[in-house]
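For what it's worth, numbering that gives the first Met the number 0 labels the leading residue of the sequence shown as 0, then goes sequentially.
Virtual Cβ for every residue (Gly too), placed ideally from N, Cα, C.
Working notes for the structure below.
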Amino acid sequence: MEKALENLYRNVAERLLEAIDGRDYFNGAVQVEEEEGEGVLTCSLIIYRACVEDMTGKCDLITDIVPVWWEYASYGPDGLRPNDFSWNELHAYLMSMK
0 MEKALENLYR NVAERLLEAI DGRDYFNGAV QVEEEEGEGV LTCSLIIYRA CVEDMTGKCD
60 LITDIVPVWW EYASYGPDGL RPNDFSWNEL HAYLMSMK
């Protein structure tokens, strides 16, 4: 995968995890900068968590993020443009960053 695409998925994953925060359900949008414009991920997600005890006490660990519905839109200088954004690719980044 090219570096720009890796950065896009990483940035979307970071913004989405920040937006999810401690929720078990997320319904909203996150916006990221793209090379030639911006992208917006709009989604409804169910967040599965497990209780895991660590050195500081209990914490919730995300075990999975399942989309109920999602859409990624890319916008450039001329408006909406086609993209081949993949939930499966984003999911891999989300699970590695949780």
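Quiz item: Going by other Cβ atoms of all chains shown within 10 Å of its Cβ, with 16 needed for buried, is Tyr-24 buried or exposed?
Solution: Here residue 24 refers to the residue found at position 25 when the sequence shown is read from its first residue. The residue is exposed, with fewer than 16 neighbouring Cβ atoms inside 10 Å.
Exercise. Name, in chain order, the residues that DSSP records as bridge partners for Phe-25.
Key: Walking along the sequence shown from the start, residue 25 turns up at place 26. DSSP lists Leu-44 as partners of Phe-25.
Quiz item: Identify the residues that DSSP records as bridge partners of Glu-70: which are they?
Solution: Counting from 1 along the sequence shown, the entry for residue 70 is found at position 71. Bridge partners of Glu-70: Thr-41.
Quiz item: Do three or more CB pairs link the region 33-41 to the region 68-79 at distances below 8 Å?
Solution: A contact exists between the region 33-41 and the region 68-79.
Quiz item: What is the rounded straight-line gap between the Cα of Leu-44 and the Cα of Pro-76?
Solution: The residue you call residue 44 lines up with position 45 of the sequence shown. The residue you call residue 76 lines up with position 77 of the sequence shown. In a straight line, the C-alpha of Leu-44 is about 30 Å away from that of Pro-76.
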